[in-house]
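Protein chains in written order, with the working numbering: chain A, 1 to 407; chain B, 1001 to 1323.
What follows is one structure encoded as structure tokens, with my remarks underneath.
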């Protein structure tokens, strides 16, 4: 009886000692860990399921590539070599879910910043949350509304949809002119999403300014299954060039139907579905010489983008590239601010110019945000499918090849 | 007497729960949407459960409510509280317009007809850009926080508003179920021809439930818009994420019972969030897949809804209570 008691007492004393020791030691452990490297949490919200999943995966790949490279090179120097810890979440295809996910990353994971979310509607929903919580959001979504609402914590790494639409038309005219052709009648078809309508509006305005007749101007629902009526209308319109704006499946269907019906007029896509490897895979020879506007293209900085191809086995699509740039710029801002606090990082991003690293892959060779958060240096490029690769063909000063124009 | 104590206890727990969660946090947002979806499923339950008409078009009324109040505040600065009633009236009118031709349809035919209506509204909202902002969607303006303007900095008040809404629609549901109308509806559900014979105007009764359901659904649309802050036609007129989801919640919980939609929402919304939290950083689409598998398993386990679990628990409890 007494033995048991003493034994118990012994145990508790030992526990007490150990407990005290660990209690004494714990602040040291915590503080030394913090001094060494408390990882910087960065949220990545992408559509990883649903119609836009492929674009979300591409974007995530680009971000992971840069994060791994920075971590391998010793992390964030200004924070004592802190590692980047990506917290990836699925936005699905519902804006409300995207907003909820953003809320989760901010409160549960204490992220410094968020990158995302490819589709404009998702990005806008996330921005409503990040703006209220003062967390910087870096995006490559095109919609004009993104930096058009006077938000203080949003950064748009590429030109807006309206600028892309305008370039889509202006570049085409220039390319046609350079090869001795003249365009006075065009056709526009676009899906009725935020992205499609905004870009079509840019195209329309540019056509009006250039005095070009729009012979066809049709919206269609995303996920259209029969494009024959659209193509018949296109044939009847007598347009000399067609400007389709769509995501992947619709783009495949449109171009295939067109080419099968031997409509050979140049097609100038509106990025998204027209500039990913699946476009060529789905169309084969029909893809050859199809043009598309793009906010950026991998052949402008092969030394950087080949690293992506080596790791993932396909060329670095523009959304992967721009998200890579977004992370690079974010890390540069953290280095500059010497802090991973959201408000310090926002301060470092706002109105600042970033050079070097992945920013070299962008047109303009750097990234500079104006007071609305828009990267003013980004200029769209025109790319053309040539033998399973996308070649930048316009503007002339950055072009890697001459455009093929056959009408 | 005992029943009332139990109900009051549940309400008390529900009233305290939001206070335990961080007012700016993530779980309070999940809780708010859970309560909101429970209320939406309860409203669906009025027509789907009591009148036995499986509507797959409730997104139509929901979206009308969200758009009405948001357009009123954007264009005229009218408080969403008032906009909510304006939306409710429009939702009721819309419900009447579709109910008149579709109410004679039964079963699958009714479901399909209502499914189309949500889609029609989506197309209208997409095309009518001058009013709805088109595919780009609408953002609820952030005005200085006040109760009158239905604007809050934190989510806590939204959680309480959703809770109150859930209590109100549940009371309405129970009241209809126990009223003379409820008896008529039950008669129609059992045998429409027999109900006609005993003198029930079946069309009129069904129309009444459709309109009540439409009005309430539109009003909940306003609550949703105020919490989500941003929405587009695809969000609020969505067949998958609104129409089918509210039906699913009610069916999974137990159709035609007051407690069913609440149980359904308490399961579906948090589990879906949890799956996203746990698995979405892995393989793309994995979280949705796992959620789907869980859903299938649950439906196989309890084909007649969670209410059966609840009932058997209650039965066991009362058996034990007896000596």
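All C-beta atoms, glycine included, are put in the ideal place defined by N, C-alpha and C.
These numbers come from a predicted model, not from an experiment.
Interface residue (Cβ-Cβ distance to chain B less than 8 angstroms): residue 48 of chain A is classified as such. At a cut-off of 8 angstroms between beta-carbon atoms, residue 121 of chain A makes contact with chain B.
The beta carbons of residue 1285 of chain B and residue 53 of chain A sit about 6 angstroms from each other, so the pair counts as a contact at 8 angstroms. Distance between residue 73 of chain A and residue 324 of chain A, taken at the CA atoms: about 16 angstroms. Around the beta carbon of residue 1301 of chain B, a 10 Å sphere encloses fewer than 16 other beta carbons of the protein chains shown; the residue is thus reported as exposed.
Distance check between residue 282 of chain A and each of A:108, A:266, A:256 places A:256 closest, using alpha-carbon atoms only.
Within the DSSP bridge table, the entry for residue 1146 of chain B names B:1151 as partners. With contact defined as three or more Cβ pairs closer than 8 angstroms, the segment 1085-1094 of chain B and the segment 1246-1255 of chain B are not in contact. For a cut-off of 8 angstroms, the C-beta gap from residue 1041 of chain B to residue 1264 of chain B is around 6 angstroms, short enough to register as a contact. The residue from B:1314, B:1278, B:1250 with its alpha-carbon nearest to that of residue 1303 of chain B is B:1250. In summary, residue 1011 of chain B is exposed, with fewer than 16 beta-carbon neighbours lying within 10 Å of its beta-carbon over all protein chains present. Using a CB distance below 7 angstroms, the part of the segment 98-120 of chain A facing chain B consists of 99, 100, 101, 103, 104, 107, 108, ordered along the chain. Residue-level contact by beta carbon fails for residue 1226 of chain B and chain A, as no gap is shorter than 8 angstroms.
Looking from the CA of residue 200 of chain A, the closest CA among A:220, A:406, A:182, A:94 belongs to A:220.
At a cut-off of 8 angstroms between beta-carbon atoms, residue 244 of chain A makes no contact with chain B.
Residue 250 of chain A and residue 389 of chain A have their C-alpha atoms spaced approximately 21 angstroms apart.
In the pairwise beta carbon analysis, the segment 84-98 of chain A is classified as touching the segment 51-66 of chain A: at least three pairs are separated by under 8 angstroms.
Annotation for residue 1101 of chain B: the continuous alpha helix (DSSP H) segment containing it runs 1080-1102. Linking residue 128 of chain A to residue 1138 of chain B through their CA atoms gives a straight-line distance of about 11 angstroms. For residue 292 of chain A against residue 195 of chain A, the beta-carbon gap comes to about 14 angstroms, at or over 8 angstroms, which does not count as contact.
Remark: C-beta atoms of residue 1255 of chain B and residue 1049 of chain B approach each other more closely than 8 angstroms.
No Cβ-Cβ contact shorter than 8 angstroms links residue 330 of chain A with residue 173 of chain A.
Non-local C-beta neighbours of residue 385 of chain A in its own chain, meaning closer than 7 angstroms and more than five positions away in sequence, comprise 280, 287, 288, 289, 290, ordered along the chain. Between residue 359 of chain A and residue 381 of chain A, the gap from beta carbon to beta carbon reaches 8 angstroms or more.
The Cβ atoms of residue 373 of chain A and residue 118 of chain A lie no closer than 8 angstroms to each other. Against residue 393 of chain A, chain B offers no close residue; the least beta-carbon distance is about 30 angstroms (beta-carbon pairs closer than 8 angstroms). Chain order gives the chain A residues near residue 1229 of chain B as 99, 125, 128, 129, 132, where near means a beta carbon separation below 9 angstroms. In the displayed model, residue 292 of chain A falls within a strand according to three-state DSSP. Shown here, residue 86 of chain A sits in a strand according to DSSP, grouped into three states. Straight-line spacing of the CA atoms in residue 1036 of chain B and residue 1261 of chain B works out to 11 angstroms. In terms of Cα proximity to residue 344 of chain A, the closest of A:135, A:269, A:162, A:202 is A:135. Taking all protein chains in view, the Cβ of residue 1122 of chain B is crowded by 16 or more other Cβ atoms within 10 Å, so the residue is classified as buried.
Two segments are said to touch when three or more pairs of C-beta atoms, one from each, lie closer than 8 angstroms; by this definition the segment 1216-1232 of chain B touches the segment 1052-1067 of chain B.
From the beta-carbon of residue 145 of chain A, the residues of chain B found nearer than 7 angstroms are 1136.
For the set B:1018, B:1136, B:1104, the Cα lying nearest the Cα of residue 144 of chain A is the one of B:1136.
Annotation: residue 40 of chain A has no Cβ neighbours in chain B at a cutoff of 9 angstroms; minimum Cβ distance is about 16 angstroms.
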